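Here the structure comes first, spelled out in structure tokens, and everything after it is commentary.
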Amino acid sequence: MRPHEEECRLLAQIVELKEQLQVQQRKAKEPNFPKIVSDANLPTYPQLPLLTPVYQLRAHTSKVHDVIWTPTDKFVLTVGGEGCVVIWEAQSGLIHNVVDVSSIQPLTASATGNGERLFCGGLCANVVLYTNKHQSPEDGYSIYENSLVYEHSGQVSNIHCMGDEELLTTAISDGALLWDVERVKVVKRFEHPYSVVQSLCLSPTDKQLFLTGSEDGTIRLWDVRTPDKPTVLFEAHHADVNCVKFLPNGSNFVSGSEDTMMHLYDLRTDVTLARYIHPHLGAHSNTLDSETSLPQPSDETEQPNSPAVCDLAVSSSGRLVISGCRNSMVYFWDLIQPDECLHQEPEIGPVMRLAMSNQKTALVMMTWDEKSRIRIMRPR
1 MRPHEEECRL
11 LAQIVELKEQ
21 LQVQQRKAKE
31 PNFPKIVSDA
41 NLPTYPQLPL
51 LTPVYQLRAH
61 TSKVHDVIWT
71 PTDKFVLTVG
81 GEGCVVIWEA
91 QSGLIHNVVD
101 VSSIQPLTAS
111 ATGNGERLFC
121 GGLCANVVLY
131 TNKHQSPEDG
141 YSIYENSLVY
151 EHSGQVSNIH
161 CMGDEELLTT
171 AISDGALLWD
181 VERVKVVKRF
191 EHPYSVVQSL
201 CLSPTDKQLF
211 LTGSEDGTIR
221 LWDVRTPDKP
231 TVLFEAHHAD
241 VNCVKFLPNG
251 SNFVSGSEDT
261 MMHLYDLRTD
271 VTLARYIHPH
281 LGAHSNTLDS
291 ETSLPQPSDE
301 TEQPNSPAVC
311 DLAVSSSGRL
321 VISGCRNSMV
331 YFWDLIQPDE
341 CLHQEPEIGP
351 VMRLAMSNQK
361 TALVMMTWDE
371 KSRIRIMRPR
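Mapping of the sequence shown onto full-length UniProt numbering: position 315 corresponds to residue 315, and the numbering continues sequentially without gaps.
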């Protein structure tokens, strides 16, 4: 076969595959999600697993900006506005170490392993690597030394360790950046023109994929191998996307926004499957069809008592999702029931973080009241 004929054959295959994908996407958009669930005859939850606090973490003298689990789930990191990262033992709720990072005005952090390496970033537009220098118990806390600095163009909003060799960060004006940790060099840039990245989530099944949620209401699926443009662009929300979380299967994810909505997506067909409306907004349908549009932004979404979704936590099965909202409420959702919330619990302040452990055995809830209240919670 001549080279020209081979090219034509391959192009014809590409066109055919694209047409097949478009057909599948159209089919996915046509069915009614609740009807699909009903036809599947899935059982309802026999007993909803609720959460009970086992430890309250008290150390910070200012509001806490972020809560992070180490990859092994042995420690919990809390990033305080006074400039300290406190490392807590998850099993005892006791302080394991305190790291002074006040020079970078911290907002978020990430760690490797059991916290041997700590990456911290914030208002100073840098991410700083602190390396743990072990000391014996008699000498007190192990010391974290400032090792390397990763310079950004603006405030750092998210940090994720991708193993020991790579680091994924987001910052104002930078979009998302993939770093070589040892060389302190940007190896890939994922541009977000005219938009600031608010949230970031790595795929649990494919280390090449990650999601970003932006202040313009869009969500992008990225493949590390093709940084020039996103694999998929979802335009579903009308306000800041505060959180995106993959389900354990890696094919679905949920998002939460300042527009008070939570959405469920399918990456196999690039469609939004369902939307979840928080109870007091009204009982109109949550299913997506051609005649139903999302609520438009209003002044309500900017009020402190608005149910803007600040964070989400996903169960080990991926079926139960917990949403923490700015109106001081926590909502429990069964994803196969978009029309009703299974359970809701009031808190004493806006629920800013719901950090689920990597093994899905515990949850850290952070609420903002007078300062911050941080609790490690387990199912009861």
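Backbone N, C-alpha and C define an ideal beta-carbon position, used for all residues, glycine too. This structure is a prediction, so every number in the text was calculated from the model and none was measured.
Below 8 Å, enough C-beta pairs join the segment 142 to 158 and the segment 185 to 202 to call them touching: three or more.
Runs of the beta strand (DSSP E) spanning 3 or more residues and lying entirely within the segment 157 to 230 occur at 166 to 171, 175 to 180, 185 to 190, 197 to 202, 209 to 214 and 218 to 223, in chain order. Distance from the CA of Leu107 to the CA of Arg275, rounded to the nearest whole angstrom, comes to 30 Å. Counting C-beta atoms within 10 angstroms of its own C-beta, Ala313 has 16 or more neighbours from the protein chains shown and is therefore classed as buried.
By the Cβ criterion, the segment 230 to 239 is in contact with the segment 251 to 269, since at least three pairs of Cβ atoms, one from each stretch, lie closer than 8 Å. The C-beta of Thr361 has fewer than 16 other C-beta atoms within 10 Å across all chains shown, which makes the residue exposed. At least 8 Å separates the beta-carbon of Val86 from that of Ala109. Taking a C-beta distance under 8 Å as the contact criterion, Asn114 and Thr72 qualify as a contact pair. In the structure shown, Asp334 falls within a strand segment according to DSSP collapsed to helix, strand and coil. Within the same chain, and ignoring the five residues on either side of Leu335 in sequence, the residues whose Cβ sits closer than 7 Å to its Cβ are Leu264, Arg319 and Val321. A Cβ-Cβ distance of about 6 Å is found for the pair Met329 and Gln344, placing them in contact under the 8 Å criterion. When only Cα atoms are considered, Phe246 and Arg9 end up about 37 Å apart. Annotation: the continuous alpha helix (DSSP H) that includes Asp39 extends over Phe33 to Ala40.
Apart from sequence neighbours up to five positions away, the residues of its chain that approach Ile104 with a beta-carbon distance below 7 Å are Cys120, Gly121, Gly122, Cys124, Asn126 and Val128, ordered along the chain.
When secondary structure is reduced to three states using DSSP, Leu363 falls in the strand class. Here Gly324 is near Val351, since their CB atoms are less than 8 Å apart. By a beta-carbon distance limit of 8 Å, Ser147 does not contact Asn97. Their separation comes to about 16 Å.
Distance from Val64 to Ile374 at the Cβ level is roughly 6 Å; contact confirmed, criterion being Cβ atoms closer than 8 Å.
A distance of 8 Å or more separates the beta carbons of Arg220 and Gln208. Within its own chain, the residues whose Cβ lies closer than 6 Å to the Cβ of Pro53, once the five positions on either side in sequence are excluded, are Arg375 and Met377, listed in chain order. Note on geometry: alpha-carbon atoms of Ala176 and Asp311 lie some 20 Å from one another. Here Tyr144 has Asn97, Val99, Leu118, Tyr130, Thr131, Asn132 and Lys133 as same chain residues with Cβ atoms under 8 Å from its own Cβ, once five neighbours each way along the sequence are excluded. According to the DSSP assignment, Gly81 belongs to no beta strand (DSSP E), since it is labelled neither H nor E. Annotation: Trp179 to His160 spans about 11 Å, alpha carbon to alpha carbon.
Within its own chain, the residues whose Cβ lies closer than 7 Å to the Cβ of Asp206, once the five positions on either side in sequence are excluded, are Gly250, listed in chain order.
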